[in-house]
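Residue numbers (my numbering): 1 to 131.
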Amino acid sequence: MFIGEYNHTIDLKNRIIIPSKFRDELKNSCIITKGLDGCLYIYTKDEWNKIEDKLKILPLTNKEARAFTRFFFAGAAEIEIDKQGRALIPQNLIEYAQIKKDIVSIGVSTRIEIWSKEKWEEYNNTDVDFE
């Protein structure tokens, strides 16, 4: 399970540091894709396979299901984590998440979300009613 919030930066080669608390579960590689709300999602390979199984059964006749499946899979990439705990983020995903320098990694149960610091702060400043 992934929990916690970690602040760090992306380097000039588009690499981020995966927080050490997340690395054991991710092992040496993982799947990254476009997330909702303008962030990126990172999944273990096992969790990705579970999600893939769920998305495969969505009806092809449903336009929204097709659109979401395309969005989710077209943006996905397998990434490796090096010995220093760094992972190279594909340029198209950097652009999608509007990442410039400062990022926030948050654990959300079965996934990690990667946010640009600005978008994370903006998201947290919106009024969300949890009741």
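Note that the Cβ used here is the ideal one computed from N, Cα and C, for glycine as well.
In this text, all values refer to a predicted model and were calculated from it rather than measured experimentally.
Taking the C-beta atoms as reference points, Q98 is found no nearer than 8 Å to S109. For the region 97 to 124, the continuous beta strand (DSSP E) assignments of 3+ residues that do not extend past its boundaries occur at 102 to 109 and 111 to 116, in sequence order. By the Cβ neighbour-count rule, L93 is buried, with 16 or more other Cβ atoms within 10 Å of its own. Beta-bridge partners of N7 (DSSP): V104. Going by DSSP, T69 is part of the alpha helix (DSSP H) stretching over K63 to A74. The criterion of a C-beta distance shorter than 8 Å is not satisfied by R15 and R111.
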